[in-house]
Amino acid sequence: MVSAFLNTVKIPELRRRILYTLAIVVVVRLGAAITTPGVNQAVLQEWFRMSLTQRTGGGLAALFNLFSGGALENCAIFSLGIMPYISASIMMQLLTAVIPQLGRLAR
18 MVSAFLNTVK IPELRRRILY TLAIVVVVRL GAAITTPGVN QAVLQEWFRM SLTQRTGGGL
78 AALFNLFSGG ALENCAIFSL GIMPYISASI MMQLLTAVIP QLGRLAR
């Protein structure tokens, strides 16, 4: 296994791709840890705590917080990730079935 790792380091293209991937992972993790400026984090955490203690169990906010790895509760810079894109994509697919003009545009 060590020899396989050493072989990956010797190949320049593979080494470049591995370093690029590690750099992107570091940037994303830092973005998920940095709090958004101007947000009162104490009030936000109190809201999350209150919503989780109610009978609803937190609902949609708790689900988004789960998918963002807890970054939404901290109001991090990258807290939403790709969820807005995925939600918009699903909505547009549903709307193309309902609105004929959107269906024609999709083709």
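For what it's worth, my numbering labels the leading residue of the sequence shown as 18, then goes sequentially. Ideal Cβ positions, reconstructed from N, Cα and C, are used throughout, including at glycine. As the structure is a prediction and not an experimental result, all values here were calculated from the model.
Exercise for the section: Using beta-carbon positions only, say whether phenylalanine 81 and methionine 109 come within less than 8 Å of one another. Expected result: no
Practice task
Pull up the CB-CB distance for serine 68 and alanine 59, whole angstroms please, since I reckon it's below 8 Å.
Solution key: The Cβ separation is near 15 Å, so there is no contact.
Problem - For threonine 53, the three-state DSSP class (helix, strand or coil) - result: coil
Exercise for the section: Flag this pair as touching only if the stretch 31-40 and the stretch 82-93 have three or more C-beta atom pairs under 8 Å; answer yes or no. Expected result: no
Exercise for the section: Please name the residue in Ser85, Phe22 and Ile35 whose C-alpha comes closest to that of valine 45. Expected result: Ser85
Handout entry: Between the CA atoms of glycine 120 and alanine 114 - distance to the nearest angstrom
Key = Rounded to the nearest angstrom, the two C-alpha atoms are 6 Å apart.
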